[in-house]
Amino acid sequence: MSNSTVGAAPGYRPSATLPFAAEFRRQAARRRTQLALGFMVLLPLIILIAFQFDAGDDDNGGGEFASLISFATSGGLNFTLFTIFVSASFLLVVVVALFFGDTVASEASWGSLRYLLAVPVPRARLLTVKLLVALAYSASALLLLAGTALLAGTLRYGWSPLRSAVAAELPPAEGLLRLLAVLGYLAVVLLVVAGLAFLLSVSTDAALGAVGGAVLLWILSSILDQITALGGLRAFLPTHFSTAWLGLLSTPMQTDDVVRGTISSISYATLFWALAYWRFTRKDVTS
8 MSNSTVGAAP GYRPSATLPF AAEFRRQAAR RRTQLALGFM VLLPLIILIA FQFDAGDDDN
68 GGGEFASLIS FATSGGLNFT LFTIFVSASF LLVVVVALFF GDTVASEASW GSLRYLLAVP
128 VPRARLLTVK LLVALAYSAS ALLLLAGTAL LAGTLRYGWS PLRSAVAAEL PPAEGLLRLL
188 AVLGYLAVVL LVVAGLAFLL SVSTDAALGA VGGAVLLWIL SSILDQITAL GGLRAFLPTH
248 FSTAWLGLLS TPMQTDDVVR GTISSISYAT LFWALAYWRF TRKDVTS
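Per my numbering, numbering of the sequence shown is gapless, rising by one per residue and ending at 294.
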């Protein structure tokens, strides 16, 4: 018998406490989950409606993303790419921070955390289940956003090749694969936000503070990344490779920064999650 079960009631199994499905359903019933996922569906429709008010002004601004805006109405794939572009730098960051920053901190603020641990649910299992549920909902949000944009855009603008200024025209099948690769890379980049928000969630009883703190630190990293005086130090910022997904749209594909960004994001996320487990398993829970 392991030390963790010494003195436990007959039949008690730590691995059977707080099942994933139960926590998933519990989070699904929360208003913030419903609103966040609902907005992922609503946003592409809002953008689609906004495009119907086009007054013929073709000035979409300059910069490397101008082509995405220019071609947004040329097909479902392009509309999906535009929706991802306008969401990736802030909206998706907030949504992921919400799902992860609200995990433990909300339980503490409600005073229910100590009761969960008194069931008893082992602390490591509690964190693992909440982490997996937050991952599931974050992935669902990303897929809902892209899926709704693709469906709505295709119905409105048709199934056309993927076009951009950084690539030759891509056939729809290849364009869809490129979009899936972009989504996969964005999911990896957002793991940094997930890890940071999760660490803050176990460190505070204020869910809003955990969510807001993760978002503000991400914004701070983005600002610092624009300061060229930092030189090579910018490569160590978690946001430095956040737009490397553009290379997945080029012809031929440029994957060097994608690989660097993947390594950087996974390293940061692993560090933050490890610190969260270390902090929570040693923390005095009084709420």
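Just so it is clear, CB atoms sit at the ideal spot from N, CA and C, and this is done for glycine as well. Quick caveat: nothing in here was measured; it's all calculated off a predicted structure.
Contacting residues, own chain, Cβ-Cβ under 7 Å from residue i (five flanking each side not counted)
| i | result |
| --- | --- |
| F72 | Because the pLDDT of F72 is 48, which lies under 50, any placement of that residue in the model is unreliable, and the number read from its coordinates should be weighed accordingly. Result list for F72: F92, in chain order. |
| L151 | L44, M47 and V48 |
| T288 | R130 and A131 |
| E30 | V136, K137 and V140 |
| Y284 | A131 and L134 |
| R163 | L55 |
| V222 | V100, V101 and A104 |
| V199 | P245, S272, Y275 and A276 |
| T235 | none |
Cutoff 8 Å: residue i Cβ touching any chain C Cβ
| i | result |
| --- | --- |
| L231 | The chain labelled as chain C is not found in the depicted structure, where only one protein chain is given. |
Beta-carbon spacing of residue i, residue j below 8 Å
| i | j | result |
| --- | --- | --- |
| R201 | A141 | For clarity, residue 201 is Ala in the given sequence; the question names Arg instead. In contact: A201 and A141 (Cβ atoms closer than 8 Å). |
| L193 | L255 | no |
| L224 | L203 | yes |
| L206 | L282 | yes |
| L197 | R185 | no |
Contacts around residue i, its chain only, beta-carbon distance under 6 Å, and the 5 residues preceding and following it disregarded
| i | result |
| --- | --- |
| V111 | S208 and V209 |
| G160 | G83, F86 and T87 |
| F106 | A141, Y144 and S145 |
| A251 | D264, V265 and G268 |
| S229 | T246 |
Option nearest residue i by Cα separation, candidates the options
| i | options | result |
| --- | --- | --- |
| L133 | L149, L256 and E114 | E114 |
| S145 | L169, L177, V101 and R185 | V101 |
| L157 | E176, A175, G182 and L177 | G182 |
| A57 | T80, A36 and R267 | T80 |
Cα-Cα separation between residue i and residue j, rounded to whole angstroms
| i | j | result |
| --- | --- | --- |
| P51 | T277 | 32 Å |
| A153 | T262 | 22 Å |
| V195 | T269 | 6 Å |
| P245 | S271 | 7 Å |
| L227 | T258 | 32 Å |
| L25 | W280 | 20 Å |
| F27 | G216 | 26 Å |
| D109 | A188 | 28 Å |
| T1 | H247 | Nothing in the structure corresponds to residue 1, since the chain is present only between 8 and 294. |
| M260 | G219 | 35 Å |
| I53 | V265 | 31 Å |
| Q34 | L42 | 12 Å |
| A175 | V128 | 54 Å |
| G165 | F89 | 15 Å |
| L169 | T155 | 17 Å |
| S249 | R286 | 28 Å |
| A36 | F60 | 36 Å |
| Q233 | R267 | 18 Å |
| R32 | R38 | 12 Å |
| L237 | F243 | 10 Å |
| F97 | K290 | 32 Å |
Same chain, Cβ closer than 8 Å to residue i, neighbours up to 5 away in sequence not counted
| i | result |
| --- | --- |
| L190 | I91, L149, L150 and A153 |
| G167 | Note that residue 167 corresponds to Ser in the displayed sequence, not to Gly. Same-chain partners within the cutoff: S81, G82, G83, L84, N85 and P179. |
| A214 | G108, D109, A112, S113, S116 and S208 |
Contact test: residue i Cβ vs the ligand SAM heavy atom, cutoff 7 Å
| i | result |
| --- | --- |
| L162 | Absence of the ligand SAM from the depicted structure is noted, as is the absence of any ligand whatsoever, leaving it without description. |
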